[in-house]
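A.B. asks: Protein chains in written order, with the numbering used here: chain C, 153 to 522; chain A, 153 to 522.
Cβ atoms here follow ideal geometry from the backbone N, Cα and C, with glycine treated the same way.
Computed from a predicted model, the values in this text were never measured in an experiment.
I'd like to ask you about the structure that follows.
2 protein chains.
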Amino acid sequence: MTQTIGSPRNYEDLKRSNTLNKVRKKPPQLSKLKTSPKPNLLITTEAVDQDSIQALSKYARVFSSAGLDEASLARLLPSVDGLLVFFWPSFLSPENLSRMSHLRFIQSILAGVNHIPFAQLTKKVRVCSNAGAYSDEVAEYAWSLLLSAAKRVVDFHNAVKSEQWTLRRMLGGKEVTILGDKTLGILGYGGIGSAVARIGKGFSMKIYAFSRKPVREKGVRSFQGDKGLLTVLAESDAVIASLPLTKFTDKIIGADKLATMKKDAILVNIARGELVDETALYEHLKSNPDFRYATDVWWYREGKESLKTTHPFFEVPNFIGTPHVSGPSGLATGKPVKFAVENVIRFLRGLKPRNIVNPAEYLATDRQEY
Amino acid sequence: MTQTIGSPRNYEDLKRSNTLNKVRKKPPQLSKLKTSPKPNLLITTEAVDQDSIQALSKYARVFSSAGLDEASLARLLPSVDGLLVFFWPSFLSPENLSRMSHLRFIQSILAGVNHIPFAQLTKKVRVCSNAGAYSDEVAEYAWSLLLSAAKRVVDFHNAVKSEQWTLRRMLGGKEVTILGDKTLGILGYGGIGSAVARIGKGFSMKIYAFSRKPVREKGVRSFQGDKGLLTVLAESDAVIASLPLTKFTDKIIGADKLATMKKDAILVNIARGELVDETALYEHLKSNPDFRYATDVWWYREGKESLKTTHPFFEVPNFIGTPHVSGPSGLATGKPVKFAVENVIRFLRGLKPRNIVNPAEYLATDRQEY
Chain C
153 MTQTIGSPRN YEDLKRSNTL NKVRKKPPQL SKLKTSPKPN LLITTEAVDQ DSIQALSKYA
213 RVFSSAGLDE ASLARLLPSV DGLLVFFWPS FLSPENLSRM SHLRFIQSIL AGVNHIPFAQ
273 LTKKVRVCSN AGAYSDEVAE YAWSLLLSAA KRVVDFHNAV KSEQWTLRRM LGGKEVTILG
333 DKTLGILGYG GIGSAVARIG KGFSMKIYAF SRKPVREKGV RSFQGDKGLL TVLAESDAVI
393 ASLPLTKFTD KIIGADKLAT MKKDAILVNI ARGELVDETA LYEHLKSNPD FRYATDVWWY
453 REGKESLKTT HPFFEVPNFI GTPHVSGPSG LATGKPVKFA VENVIRFLRG LKPRNIVNPA
513 EYLATDRQEY
Chain A
153 MTQTIGSPRN YEDLKRSNTL NKVRKKPPQL SKLKTSPKPN LLITTEAVDQ DSIQALSKYA
213 RVFSSAGLDE ASLARLLPSV DGLLVFFWPS FLSPENLSRM SHLRFIQSIL AGVNHIPFAQ
273 LTKKVRVCSN AGAYSDEVAE YAWSLLLSAA KRVVDFHNAV KSEQWTLRRM LGGKEVTILG
333 DKTLGILGYG GIGSAVARIG KGFSMKIYAF SRKPVREKGV RSFQGDKGLL TVLAESDAVI
393 ASLPLTKFTD KIIGADKLAT MKKDAILVNI ARGELVDETA LYEHLKSNPD FRYATDVWWY
453 REGKESLKTT HPFFEVPNFI GTPHVSGPSG LATGKPVKFA VENVIRFLRG LKPRNIVNPA
513 EYLATDRQEY
């Protein structure tokens with residue numbers, strides 16, 4: 153009943169597996185479709201391992217888009233109850249999606265769900281993010297960016313390499329930021345935010361959490377609303393953004409917010425590039441050389457996350473940028489797939505799945521990322 | 153009785169204040185020398201602030217070498233009981249040192265004491281390191297190196313900058329090391345080592361401590377002796393070296409030890425370059441591309457720590473090097489001076505000072521560093 157699904161080698165493979173161009177497997181036994189009492193689950197990614205597929209098969213008839221030709225897919229779509237996607241597959245065009253009259257559930261393997269075409273979904277479809285699945289790995293990565301910026305590791309390494317720094321050169325005190333006893337602001341206190349905080353306590357930092365719901369946790373001061381955000385930004389020595397990208401958080405850090413931050417603060421973006429206004433940030437970095445921005449996530453160009461920026465950030469010494477490797481480093485552990493599969497099983501068993509998102513909060517754009 | 157001592161601007165200033173070339177202040181009232189019941193303390197660095205000098209003056213007659221000409225110094229030396237040095241001053245040549253018949257105590261503001269000429273000291277001289285004074289700051293720096301190496305931040309930043317990496321490129325799993333639930337080996341469990349461990353617990357790492365004395369601490373496995381060192385090296389995913397450089401630890405990590413480590417382990421050196429055999433390390437990095445070495449400390453050339461290496465480490469992608477800024481970043485907090493001064497006061501009050509080192513463990517070389 154299931155298709156053999158190989159391990160993906162790279163994101164391009166994963167992407168190909170999201171299309172129908174490469175049908176490599178035999179078609180499913182569609183004849184059984186009508187007689188089975190089990191719901192139908194369509195998996196649109198090769199990232200799901202065989203053990204997981206076996207586990208899912210106890211509760212559903214499992215189909216892989218990689219095993220279906222166009223005609224089989226057309227027959228299957230109206231009977232699909234659930235979708236397990238890595239990111240939104242291109243073959244699920246608005247037209248194909250409109251045929252999925254039975255669709256009730258979508259599970260994303262990506263942590264964020266802003267790749268899902270919410271505007272085209274009916275109200276009965278529950279969409280679940282994979283929040284929490286990457287938390288520890290992404291939190292570690294956030295700390296690598298924060299410490300690289302705080303200790304100027306990239307700068308110093310490149311300076312020694314190019315013989316532009318000498319031993320015994322006295323530090324002015326601005327080059328290296330000491331984190332102990334300083335304040336760490338965490339924007340968004342979900343799985344990543346709370347893992348970031350746990351590590352921050354090891355560094356003896358005071359933790360300020362900005363979140364929708366109050367945080368009741370020892371050693372964490374909780375802030376809500378616009379005023380709370382301004383307080384966290386103004387009082388923090390380092391800020392880590394781990395917010396989902398929604399219509400409320402889009403460009404939430406603009407020129408006005410940057411202006412409230414300490415002149416020598418460090419801002420780390422581990423969530424989504426678009427949380428920060430690109431031009432405002434560039435101007436801020438240029439006019440505040442002690443301020444530092446370190447990011448693993450990038451702005452959109454033509455609806456897609458892109459390493460090509462409007463401004464030459466790499467010419468600014470107080471900028472550190474890495475090519476969105478925090479999530480993929482978590483994916484390599486296998487945990488995010490297991491996490492997503494467990495949630496699909498929850499849905500299939502008639503239980504309430506975790507991480508149901510509110511569609512009203514998500515932008516109906518074609519922004520793509522992972 | 154005290155000299156006005158300005159704040160140092162850079163290490164070169166500190167170094168000049170260690171010589172007699174620049175005597176800028178009036179000579180001390182040497183006539184009072186014989187009548188005072190207080191011991192005489194000579195400070196050979198301008199790093200000590202006025203408040204500290206005031207505090208010391210309650211218990212000693214305080215002299216600054218920056219305020220003494222050659223003749224005054226010659227008269228003072230035989231009556232000096234204690235020395236507070238940043239690093240060993242060049243004016244205290246073997247000849248001048250031999251005149252210091254009253255010398256009983258030397259306090260270093262540097263954490264390590266391998267700059268002290270132990271071979272030329274009589275047995276009655278107690279030498280105190282400043283271990284612990286920089287612990288939190290150096291531990292933070294060690295973590296910045298470990299995370300930069302684990303997450304390949306320098307590599308990734310430079311790759312995006314030079315357009316050599318693309319988004320959605322799948323990670324092989326070797327590029328980024330996940331630290332959670334992995335084993336962190338800490339070589340030397342003094343102030344720095346235990347601060348490194350505290351942070352490591354926040355990362356949910358298992359802590360293996362290699363130290364002279366057994367460590368009894370929750371969440372820490374303690375190892376001693378040669379066999380213990382081999383176990384720590386063999387079983388750790390990341391190792392942070394925070395050992396003092398003594399005749400026992402000189403090149404303690406050679407080819408044999410490197411060979412016992414995991415092929416994809418990370419070795420961080422936050423202590424002294426000479427703990428690691430330079431050529432053996434270079435060969436190891438070349439033949440084990442997944443192994444990573446990140447250091448803030450460098451090997452000696454002609455007795456002095458130098459950024460010039462015998463091998464071209466910066467051409468090896470699995471090497472990260474910063475120009476010995478971890479200690480100076482701690483110095484910028486003012487804490488190390490306060491720490492050293494408190495210990496001098498302990499000595500002056502007739503109490504047992506902390507951090508008395510065993511001269512037999514130290515090499516009688518002219519190696520200089522900070």
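Here's the rule I'm using: 16 or more other beta-carbon atoms within 10 Å means buried, otherwise exposed. How should E315/A be labelled?
C.D. replies: Label assigned to E315/A: exposed.
A.B. asks: In whole angstroms, give me the CA-to-CA distance for I418/C and Y514/C.
C.D. replies: 28 angstroms
A.B. asks: For my contact list, L193/A and L228/A are in at a C-beta cut-off of 8 angstroms; report their separation, rounded to the angstrom.
C.D. replies: The beta-carbon distance between L193/A and L228/A, rounded to whole angstroms, is 11 angstroms. This is too long to meet the 8 angstroms contact definition.
A.B. asks: Consider the C-beta atom of E369/C and the heavy atoms of the ligand NAD; say whether any pair is separated by less than 8 angstroms.
C.D. replies: Here there are no bound small molecules, and the ligand NAD is not part of this structure.
A.B. asks: Go ahead and pull the three-state DSSP assignment for N192/A.
C.D. replies: When DSSP states are grouped into helix, strand and coil, N192/A belongs to the strand group.
A.B. asks: Tell me, please, which residues DSSP counts as bridged to V421/A.
C.D. replies: Correcting the residue identity first, residue 421/A is Asn in this sequence and not Val. Partner(s): A393/A, T447/A.
A.B. asks: Pull out every residue of the segment 339-352 of chain C whose Cβ sits closer than 7 angstroms to any Cβ of chain A, in chain order.
C.D. replies: R350, I351
A.B. asks: Please classify S253/A as buried or exposed, where buried requires at least 16 other C-beta atoms within 10 Å of its C-beta.
C.D. replies: exposed
A.B. asks: Measure the C-alpha to C-alpha separation of A390/C and K414/C and round it to an integer number of angstroms.
C.D. replies: 9 angstroms
A.B. asks: How would you write the range of the alpha helix (DSSP H) that I359/A sits in, first residue to last?
C.D. replies: Run containing I359/A: none in the alpha helix (DSSP H); it sits in the beta strand (DSSP E), 358-362.
A.B. asks: Note down, in chain order, every chain A residue with its Cβ under 9 angstroms from the Cβ of L382/C.
C.D. replies: Chain A residues near L382/C: none, gap ~28 angstroms exceeds 9 angstroms.
A.B. asks: Nearest-angstrom Cα distance between I508/C and L299/A?
C.D. replies: 33 angstroms
A.B. asks: Quick check on the DSSP output: what are the complete beta strand (DSSP E) runs of length 3 or more inside the segment 210-259 of chain C, in order along the chain?
C.D. replies: 213-216, 232-237
A.B. asks: Going along chain A, which residues have a C-beta under 7 angstroms from F308/C?
C.D. replies: T474, P475, V477
A.B. asks: Whole-angstrom Cβ separation of W450/C and H476/C, contact assumed at under 8 angstroms?
C.D. replies: Contact between W450/C and H476/C holds: CB atoms are separated by about 7 angstroms, below the 8 angstroms threshold.
A.B. asks: Suppose you measure from the CA of D416/C to the CA of W240/A; what does that come to, to the nearest Å?
C.D. replies: 35 angstroms
A.B. asks: Along chain C, in chain order, which residues have C-beta atoms closer than 7 angstroms to that of G425/A?
C.D. replies: Within chain C, no residue comes near G425/A; the closest Cβ sits about 11 angstroms away, beyond 7 angstroms.
A.B. asks: By DSSP, does F471/C sit in helix, in strand, or in coil?
C.D. replies: In the three-state scheme derived from DSSP, where H, G and I count as helix and E and B as strand, F471/C is classed as strand.
A.B. asks: Quick check on this structure: which residue in R256/C, V328/C, A271/C has the alpha carbon closest to the alpha carbon of E289/A?
C.D. replies: V328/C
A.B. asks: Could you check where the beta strand (DSSP E) with T335/C kicks off and where it finishes?
C.D. replies: Unbroken beta strand (DSSP E) run through T335/C: 335-339.
A.B. asks: Is it the case that the Cβ atoms of A446/A and F471/A are separated by a distance below 9 angstroms?
C.D. replies: yes
A.B. asks: Identify which residue in H309/A, R498/A, S374/A, V312/A has its Cα closest to the Cα of L336/A.
C.D. replies: Here the closest residue by C-alpha is S374/A.
A.B. asks: Buried or exposed: where does S204/C fall if 16 or more other Cβ atoms within 10 Å of its Cβ makes it buried?
C.D. replies: buried
A.B. asks: Are the beta-carbon atoms of A95/A and A291/A separated by less than 9 angstroms?
C.D. replies: Outside the displayed range of chain A (153 to 522) lies residue 95/A, so it cannot be described from this structure.
A.B. asks: Name the residue from I497/A, L459/A, G502/A, L483/A whose alpha carbon lies nearest to the alpha carbon of E198/A.
C.D. replies: Measuring from the Cα of E198/A, the nearest candidate turns out to be L483/A.
A.B. asks: Quick one: grab the DSSP three-state call for Y286/C.
C.D. replies: Annotated three-state conformation of Y286/C is coil, per DSSP.
A.B. asks: Verify the CB distance criterion: does A283/A have a CB-CB separation below 9 angstroms to chain C?
C.D. replies: The beta carbon of A283/A does not come within 9 angstroms of any beta carbon belonging to chain C, so the residue lies off that interface.
A.B. asks: Which residues, in order along the segment 255-283 of chain C, keep a beta-carbon less than 7 angstroms from a beta-carbon of chain A?
C.D. replies: Under the 7 angstroms Cβ criterion, the segment 255-283 of chain C contributes no residue.
A.B. asks: Between V306/C and R320/C, what straight-line distance do the alpha-carbon atoms span, to the nearest angstrom?
C.D. replies: Taking the straight line joining both Cα atoms gives about 19 angstroms.
A.B. asks: Would you decide whether N310/C is buried or exposed? Buried here means 16 or more other CB atoms lie within 10 Å of its CB.
C.D. replies: Burial call: buried.
A.B. asks: Does the beta-carbon of L503/A have 16 or more other beta-carbons within 10 angstroms, so that it is buried, or is it exposed?
C.D. replies: exposed
A.B. asks: Give me the chain A residues within the contact set of P422/C, using Cβ-Cβ distance strictly less than 7 angstroms, ordered along the chain.
C.D. replies: At residue 422/C the sequence reads Ile, which differs from the Pro that was named. Within 7 angstroms Cβ-Cβ: nothing; I422/C doesn't reach chain A, min ~11 angstroms.
A.B. asks: Output yes if chain C places a C-beta closer than 9 angstroms to the C-beta of P480/A; else output no.
C.D. replies: Proximity of P480/A to chain C, defined by a Cβ-Cβ separation below 9 angstroms, is satisfied.
A.B. asks: Return the chain-ordered list of same chain residues with a C-beta closer than 7 angstroms to the C-beta of K460/C, the five sequence neighbours on each side being excluded.
C.D. replies: Scanning its chain for C-beta atoms nearer than 7 angstroms, with the 5 sequence neighbours on each side dropped, one finds around K460/C the residues R453, in chain order.
A.B. asks: Which chain A residues are close to M413/C, counting only those with a beta carbon under 9 angstroms from its beta carbon?
C.D. replies: Within chain A, no C-beta atom comes nearer than 9 angstroms to that of M413/C; the closest sits roughly 21 angstroms away.
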